[in-house]
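Peer 1:
Given below as structure tokens:
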């Protein structure tokens, strides 16, 4: 059981203390145009990938592991073109990761 609790704690810390800070540093260096740039319509922008990451964490960790209700329209994550600011994208992802950490904290090892 102790190894299960360690895994849960490590996973939560990895998301919040390693992965998110790296994403934040990268995104804060980009303009809105750079965040939403795509070489062609078959490609995804950084903004679309951030929305998709938040959607995946919501569906699989918050909903799947944490058994919380989830409303997700996956296609909208890729269709978005509204130039949501980097700051708002980071806030959305950070809130999602906070919710995921809470879901992980409630797990029984």
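Numbering (the numbering used here), first residue to last: 1188 to 1296. Note that CB positions come from ideal geometry on N, CA and C, so glycine has one too. Since this is a predicted model, take the numbers as computed values, not measurements.
#1: Between the alpha carbons of residue 1207 and residue 1221, how many angstroms are there, rounded?
#2: Is residue 1254 helix, strand or coil when you go by DSSP?
#3: Counting only the same chain and skipping the five closest in sequence on each side, list residues whose C-beta sits under 8 Å from that of residue 1195.
#4: Measuring only the C-alpha atoms, how far is residue 1274 from residue 1215?
#5: Between which residues of its own chain and residue 1248 is the CB-CB distance below 8 Å, once the five residues before and five after are set aside?
Peer 2: Taking the structure as given:
#1: The count along the chain shown starts at 1 and reaches residue 1207 at position 20. The count along the chain shown starts at 1 and reaches residue 1221 at position 34. The straight-line gap from Cα to Cα measures roughly 19 Å.
#2: Within the chain shown, numbered from 1, the residue matching residue 1254 stands at position 67. In this structure, residue 1254 counts as coil in the three-state DSSP scheme.
#3: Translated into positions along the chain shown, residue 1195 becomes position 8. Within the same chain, residue 1195 has close Cβ partners 1291, 1292, 1294 and 1296.
#4: Start at 1 with the first residue of the chain shown, and residue 1274 comes out as number 87. Start at 1 with the first residue of the chain shown, and residue 1215 comes out as number 28. Taking the straight line from one Cα to the other gives about 8 Å.
#5: Locating residue 1248 in the chain shown gives position 61, counting from the first residue. Closer than 8 Å at Cβ, skipping near neighbours: 1287, 1290 and 1291.
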